[in-house]
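According to the working numbering, the sequence shown is numbered sequentially starting from 4.
Below is one structure, written out as structure tokens; comments come after it.
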Amino acid sequence: LTLASSLNAIRCFFDRVPEGSIVKIPAQKMTECPRDVHECITIRVSLEVDDDWEVYIERRCAHSKYECAGSHNTCTTVEAEPVWGRRRMEKRCCHSD
């Protein structure tokens, strides 16, 4: 066992809110992450809604070691592909400027 796996799981604020909105962080929005997750991330997510693109800020546990670490966690490149009439968004990490 590594030291990290013996520590308590971290908790992240989990929410998706429209970009630019001011958000208070209620305690019930805190989510305990899986034990193998060691950081919270904030990423921009673009969703197509009624033929219009809306940008949301999504805060949550990082899903895996390869997802958006450190300075690579503040924006995304998106590609849309129809899935059952909806758009599936692919999130990618990029450098913060």
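Just so you know, even glycine gets a beta-carbon here, dropped at the ideal spot from N, CA and C.
C-alpha gap between residue i and residue j, whole angstroms
{"i": "Glu61", "j": "Thr34", "result": "13 Å"}
{"i": "Asn11", "j": "Ile25", "result": "30 Å"}
{"i": "Arg47", "j": "Val58", "result": "7 Å"}
Residue i: first and last residue of the uninterrupted beta strand (DSSP E) it sits in
{"i": "Pro21", "result": "Asp18 to Pro21"}
{"i": "Arg63", "result": "Asp55 to Cys64"}
{"i": "Ile46", "result": "Cys43 to Val52"}
Secondary structure of residue i, DSSP reduced to three states
{"i": "Leu4", "result": "Note that Leu4 scores a pLDDT of 45, beneath 50, so its modelled location is shaky; the value from the coordinates is reported in the next line. Here Leu4 sits in coil by DSSP."}
CB contact check: residue i to chain C, cutoff 7 Å
{"i": "Cys64", "result": "No chain C is part of this structure, which consists of one protein chain only."}
Buried versus exposed, by CB contacts within 10 Å (16 or more), residue i
{"i": "Val52", "result": "exposed"}
{"i": "Tyr69", "result": "Here the model assigns Tyr69 a pLDDT of 48, short of 50, so the residue's position is not dependable, and the following value carries that caveat. Tyr69 should be labelled exposed."}
Nearest residue (CA-CA) to residue i, options the options
{"i": "Glu42", "options": "Cys64, Phe16, Arg19 and Asp18", "result": "Cys64"}
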